[in-house]
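Q: Sharing a structure with you now.
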């Protein structure tokens with residue numbers, strides 16, 4: 171049964187269980203094709219992307235996350251880049267760009283379904299994800315993996331207080347609880363600061379706003395892929 175028997179494994183969802191940010195990146199590429207002029211002009215694309223990144227960073231704390239907020243961010247960025255009010259036609263075009271994010275399908279990360287099926291027979295599994303509750307619930311339902319989890323928790327933000335509340339509400343033993351995810355900012359650093367163990371599974375498309383230096387709060391374990399969890403748990 172690996173190195174750690176009878177543990178509580180808490181899983182991040184977006185970009186840990188299923189693909190998420192790569193879908194946003196595809197939308198952004200289409201947006202940049204629209205607003206940055208010549209696709210062969212990398213400087214124009216970089217400048218437009220910098221505007222969008224700044225808008226997203228400014229709005230994340232007050233508006234949160236998800237497709238609806240992203241729609242707002244694209245419209246705000248368009249207005250800044252074109253120096254005019256956003257029209258109904260603009261919003262319709264943004265909505266067409268967003269269709270990959272608002273569909274009812276979910277693309278699981280390779281190895282997730284089989285790995286969870288085995289881990290659920292060995293450990294207590296929980297899901298902890300942040301974002302818009304209705305949107306995250308939709309993705310959980312579409313994923314067809316919810317039955318593996320003893321609890322699914324959707325929060326506005328994942329910080330140290332979030333992990334303390336999870337431990338307290340569920341009477342978890344921090345030294346036997348592992349947060350598993352791809353985001354240093356949301357999954358690893360705050361979980362470690364709260365006294366939990368953490369497994370870092372990097373994802374090449376992790377959102378730039380989720381990047382953070384580990385500092386003293388490094389992951390307990392770093393794995394190359396999701397299926398590698400079976401060698402340890």
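Numbering (our numbering), first residue to last: 171 to 403.
We put the CB at the ideal spot given by N, CA and C, even for glycine.
1) Since residue 223 contacts residue 214 with CB under 8 angstroms, what's their CB separation in whole angstroms?
2) So which of 373, 302, 188, 192 has the shortest CA-CA distance to residue 325?
3) Expressed to the nearest angstrom, what Euclidean distance is found between the alpha-carbon atoms of residue 203 and residue 197?
4) Suppose you measure from the CA of residue 236 to the CA of residue 253; what does that come to, to the nearest Å?
5) According to the neighbour-count rule (16 or more other Cβ atoms, all chains shown, within 10 Å of its Cβ), is residue 184 buried or exposed?
6) Could you round the C-beta distance between residue 314 and residue 274 to whole angstroms and report it? I think they count as a contact, below 8 angstroms.
7) So what's residue 300 in DSSP terms, helix, strand or just coil?
8) Go ahead and pull the three-state DSSP assignment for residue 243.
9) Kindly indicate which three-state DSSP category residue 292 falls into: helix, strand or coil?
10) Can you tell me whether residue 285 is helix, strand or coil according to DSSP?
11) Which residue wins for smallest C-alpha separation from residue 295, given the options 192, 347, 266, 193?
12) Nearest-angstrom Cα distance between residue 362 and residue 264?
13) Could you have a look at residue 171 and say whether DSSP puts it in helix, strand or coil?
14) For residue 342, which residues in the same chain have their Cβ closer than 6 angstroms to its Cβ, ignoring the five residues on either side in sequence?
15) By the three-class DSSP mapping on this structure, what secondary structure does residue 327 have?
16) Quick test of the definition: if touching needs 3 or more C-beta pairs under 8 angstroms, does the region 228-248 touch the region 279-291?
17) DSSP state of residue 391, grouped into three classes?
18) DSSP three-state label for residue 347, please.
19) Buried or exposed: where does residue 269 fall if 16 or more other Cβ atoms within 10 Å of its Cβ makes it buried?
20) Decide if residue 356 is buried, meaning its Cβ has at least 16 other Cβ atoms within 10 Å, or exposed.
A: Reading from the atomic positions:
1) Here residue 223 refers to the residue found at position 53 when the chain shown is read from its first residue. Here residue 214 refers to the residue found at position 44 when the chain shown is read from its first residue. The pair is not a contact, with the Cβ atoms about 15 angstroms apart (cut-off 8 angstroms).
2) Counting from 1 along the chain shown, the entry for residue 325 is found at position 155. Taking only the C-alpha atoms, the option nearest residue 325 is 302.
3) Numbered from 1 along the chain shown, position 33 holds the residue referred to as residue 203. Numbered from 1 along the chain shown, position 27 holds the residue referred to as residue 197. Cα-Cα distance, rounded: 10 angstroms.
4) Here the question's residue 236 lines up with position 66 in the chain shown. Here the question's residue 253 lines up with position 83 in the chain shown. Straight-line Cα distance between these residues: approximately 25 angstroms.
5) Walking along the chain shown from the start, residue 184 turns up at place 14. Burial state of residue 184 is buried, judged by a 10 Å Cβ sphere holding 16 or more other Cβ atoms.
6) Taking the chain shown and counting its residues from 1, one reaches residue 314 at position 144. Taking the chain shown and counting its residues from 1, one reaches residue 274 at position 104. With 8 angstroms as the limit, residue 314 and residue 274 do not qualify as a contact, their Cβ atoms being about 12 angstroms apart.
7) Counting from one through the chain shown, the residue named residue 300 turns up at place 130. The answer is strand: DSSP assigns residue 300 an E or B state.
8) Translated into the one-based positions of the chain shown, residue 243 becomes position 73. Looking at residue 243 - three-state DSSP - the assignment turns out to be helix.
9) For the purposes of this step, residue 292 is taken as the residue at position 122 of the chain shown. Three-state DSSP puts residue 292 in coil, outside helix and strand.
10) By 1-based counting over the chain shown, the position of residue 285 is 115. Note: residue 285 maps to helix in three-state DSSP.
11) Counted from its first residue, the chain shown places residue 295 at position 125. From the listed residues 192, 347, 266, 193, the smallest Cα separation to residue 295 is found for 347.
12) What you label residue 362 is simply residue 192 of the chain shown in a count that begins at 1. What you label residue 264 is simply residue 94 of the chain shown in a count that begins at 1. So the alpha carbons of these two residues sit roughly 39 angstroms apart.
13) Taking the first residue of the chain shown as position 1, residue 171 is located at position 1. Because the pLDDT at residue 171 is just 42, under 50, the model does not fix this residue reliably, and the value given afterwards should be weighed accordingly. Looking at residue 171 - three-state DSSP - the assignment turns out to be coil, as it is neither helix nor strand.
14) Here residue 342 refers to the residue found at position 172 of the chain shown. Excluding sequence neighbours, residue 342 sits near 178.
15) Sequence index remark: in the chain shown, residue 327 carries index 157 (1-based). In the three-state reduction of the DSSP assignment, residue 327 falls in the coil class, being assigned neither a helical nor a strand state.
16) no
17) Position 221 of the chain shown holds residue 391. Three-state DSSP puts residue 391 in a strand.
18) Counted from its first residue, the chain shown places residue 347 at position 177. It is a strand residue.
19) Reading the chain shown from its first residue, position 99 is the one you call residue 269. Residue 269 is exposed by the Cβ-count criterion.
20) As a working note, residue 356 is residue 186 in the chain shown. Counting Cβ neighbours within 10 Å, residue 356 comes out buried, since at least 16 surround it.
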